[in-house]
Amino acid sequence: GELGRGGEEEMDYKPEKDFYETVEYQAKRAIEVGIVESIGANNAVIKGKVTMRHPWFNDDFGADFTFDDVVEALTIYKSMHEHFEGLYDDDPEFIVPSPEEESLITTMGAADDDFDITASAAAAKAISDANTDLSTQEALISAEIERMEAELQRTTEPVSLATTTAAVSTTTATAPQRTQWPEHLTGMNLSHLTKRIRDGDLEVKHLPERKSRLDDLDFPWGDERRFLEYPFDKTMCALYAYFMIRGDLFVYQDFTMPDEEPWPEILAGFPIGEAVFYLRRKQNFLQEFHPQKMYLLNMLEFVWFPNDAENVDPDADKKSWEYKHAEALGHPLLRINSPPYAMIEYDPTEDGKPVNKAEYDYELIRDYYENELGIYDIGQFLRERGYNELADDHEAKYGVYEGDKEDEESAGEGYEWEYDDEEEVKAADVEEEEEDWVEDEDEDFDDLDDEDLVDDEFDDDTEDDDEEEEKVVEEEDDDLGIEEEFEK
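Going by the working numbering, the first residue of the sequence shown is number 1, and it counts up by one from there.
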């Protein structure tokens with residue numbers, strides 16, 4: 001601009017845009033950035049759509065850590081400790097410290113070195129040896145307290161910057177150089193990640209390239225029985241998506257995640273059918289090593305087929321449905337509404353072994369079955385209910401019942417004796433019918449009036465009755481013979 005009267009530069013004047021010009025300009029900008037797709041007749045606005053494509057991934061290494069970060073952390077850890085045992089044993093979880101935390105740990109370790117542990121141990125031994133002389137013991141205790149107070153005061157006195165610098169320089173010169181943790185790895189739970197990699201939760205060992213990088217570090221993969229061949233985290237994501245779309249987990253074995261709506265794009269091509277059948281085969285392994293994973297699968301109403309499950313011990317015999325049923329719900333003999341007192345007081349954990357519902361002590365319930373229910377042949381009792389293998393086990397442990405027929409008279413209500421011979425059953429039925437017939441005739445005879453009887457008629461009737469009784473027995477014997485021929 002030009003200089004004005006006061007020597008100040010004058011600005012060129014631009015008139016403000018009117019409303020319509022402003023709207024036209026804003027509409028043009030909206031179309032350029034995609035907020036508005038177009039403006040039709042009568043200024044009808046068609047909204048635009050901005051498609052955002054987020055990078056999908058399944059690697060959950062915590063926070064924003066990647067697999068490369070995990071490899072770097074494992075490399076540094078091994079350079080410090082020369083092994084990975086501290087990451088998977090019973091020690092507390094190892095979390096990568098920040099530079100400030102690491103400096104504090106180093107300082108505290110140096111401070112611990114200033115205390116005279118040897119002197120404290122010697123004083124404790126002297127006090128223990130002087131336990132018979134109270135005056136000497138009190139003197140030793142007082143001296144040790146004074147020494148520790150002086151030592152504590154010396155370590156807490158303020159130190160000048162020059163002294164601290166000299167001490168650090170001396171320590172650095174004498175101690176071996178230690179690798180420092182980089183700041184971008186701060187907060188990584190390396191113990192937790194190691195466990196998840198070994199168990200197959202994360203997709204690491206499943207990919208040859210990643211497995212090779214950890215093999216170069218001599219990474220310990222652990223017990224192969226704990227490892228899941230399909231990454232569990234990825235499988236759970238696929239199962240959840242399938243359940244939300246289809247409503248169940250009855251997945252065909254050859255089914256793979258489709259690459260179409262509404263299925264998750266990142267899981268396209270994942271063989272969820274093979275993963276489902278694999279988990280069913282590993283049911284016993286999950287129960288043994290990963291009960292928490294079993295709980296998560298059951299929350300999704302996962303369908304198990306126990307008969308298809310593999311044994312954890314390959315040399316062990318496969319359990320039948322009877323044993324699995326007994327282990328889950330308890331032995332059939334123990335399902336008692338009113339258990340005896342001895343059974344209530346019995347503690348199955350007394351020997352320290354885990355409780356197995358399939359095991360039982362028959363002596364605790366023998367009185368209940370024999371005296372209250374009248375059941376003596378427990379093997380037969382179990383076989384009638386379909387537990388043939390449990391019946392064999394019972395007889396192998398407690399013996400086969402070898403009672404006689406008289407036990408039937410003392411049997412409880414509802415217990416039917418089983419004869420060994422079918423012919424004995426028929427003969428016993430015939431004998432029982434004869435006894436009933438004779439008893440009925442005796443009752444009829446007692447009801448007769450003695451005055452209406454004549455001795456001769458009485459004798460004749462008695463002889464006739466005897467003859468009729470013999471005929472009935474002969475006819476029944478003939479019927480028995482006919483039945484025998486029919487059976488043959």
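Backbone N, C-alpha and C define an ideal beta-carbon position, used for all residues, glycine too.
For the beta strand (DSSP E) that contains residue i, what are its first and last residues?
i, result
"E37", "36-39"
"K47", "45-47"
For residue i, which residues from the same chain have a beta carbon less than 7 Å from its beta carbon, with the 5 sequence-adjacent residues on both sides left out?
i, result
"D421", "Residue placement at D421 is poorly supported in this model, since its pLDDT is 47, which falls under 50; the coordinates are not used for a value here."
"Y376", "E370, Y401, G403, D407"
"D308", "R280, R281"
"N298", "none"
"R383", "A391"
"Y398", "Y362"
"H192", "E93"
"F499", "Any property of residue 499 remains undetermined from this structure, which presents the chain solely from 1 to 488."
"K78", "F84, L217"
Do residue i and residue j have their CB atoms nearer than 7 Å?
i, j, result
"R226", "D199", "yes"
"A489", "Y230", "Outside the shown range of the chain (1 to 488) lies residue 489, about which nothing can therefore be said."
"P264", "A241", "yes"
"L190", "A73", "yes"
"E37", "G48", "yes"
"V204", "R210", "yes"
"A358", "Y323", "yes"
"H394", "G379", "yes"
"W304", "Q283", "yes"
"W221", "V96", "no"
"M343", "L364", "yes"
"T194", "L87", "yes"
"L334", "Y360", "yes"
"L300", "L239", "yes"
"F61", "V70", "yes"
"F277", "V312", "no"
"Y368", "P332", "no"
"P99", "E21", "no"
Taking the DSSP output, what are the residues bridged to residue i?
i, result
"N189", "I95"
Which residue comes first and which comes last in the alpha helix (DSSP H) that contains residue i?
i, result
"V33", "19-33"
"K234", "232-246"
"K397", "388-398"
"A268", "Careful: A268 lies outside any alpha helix (DSSP H) and carries neither H nor E."
"P291", "291-299"
"W221", "From DSSP, W221 is part of no alpha helix (DSSP H); its letter is neither H nor E."
"A358", "First-last for A358: undefined, no H or E at that position."
"K205", "Taken as a continuous stretch (DSSP letters only), K205 belongs to no alpha helix (DSSP H), as it is neither H nor E."
"Y252", "Where Y252 is concerned, there is no enclosing alpha helix (DSSP H), given that its DSSP letter is neither H nor E."
"A505", "Residue 505 lies beyond the residue range present for the chain, which begins at 1 and ends at 488; the question has no answer from this structure."
What is the DSSP secondary structure of residue i, counted as helix, strand or coil?
i, result
"V70", "helix"
"I197", "helix"
"A111", "A caution first: A111 carries a pLDDT of 49, below 50, which makes its placement in the model unreliable, though a value can still be read off. DSSP places A111 in helix when its eight states are reduced to three."
"Y376", "coil"
"Q287", "helix"
"V425", "Caution is warranted here: a pLDDT of 47 is assigned to V425, below 50, making its placement in the model unreliable, and the coordinate value is therefore given only provisionally. Reduced to three states, the DSSP call for V425 is helix."
"I344", "helix"
"H491", "Nothing in the structure corresponds to residue 491, since the chain is present only between 1 and 488."
"S135", "helix"
"Y415", "With a pLDDT of 40 at Y415, under the threshold of 50, the modelled position of that residue is not reliable, and no figure is offered here."
"Q153", "helix"
"N42", "helix"
"N311", "coil"
"R210", "helix"
"D367", "helix"
"F381", "helix"
"G86", "helix"
"I145", "helix"
"L334", "helix"
"D64", "coil"
Who are the near neighbours of residue i in its chain, counting only those whose CB is closer than 6 Å to its CB and skipping five residues on each side?
i, result
"L228", "G200"
"V45", "V36, I39"
"I197", "V204"
"R219", "The question names Arg, but residue 219 is Phe in the sequence shown. No residues qualify anywhere along the chain."
Quick one: is the Cβ of residue i within less than 6 Å of any heavy atom of the ligand SAH?
i, result
"I266", "Absence of the ligand SAH from the depicted structure is noted, as is the absence of any ligand whatsoever, leaving it without description."
Give me, in chain order, the residues of the same chain whose beta-carbon lies closer than 8 Å to that of residue i; leave out the 5 immediate sequence neighbours on both sides.
i, result
"G273", "V251, Y252, Q253, D254, F255, T256"
"S320", "E389"
"A63", "G187, M188"
"T75", "L217"
"F19", "none"
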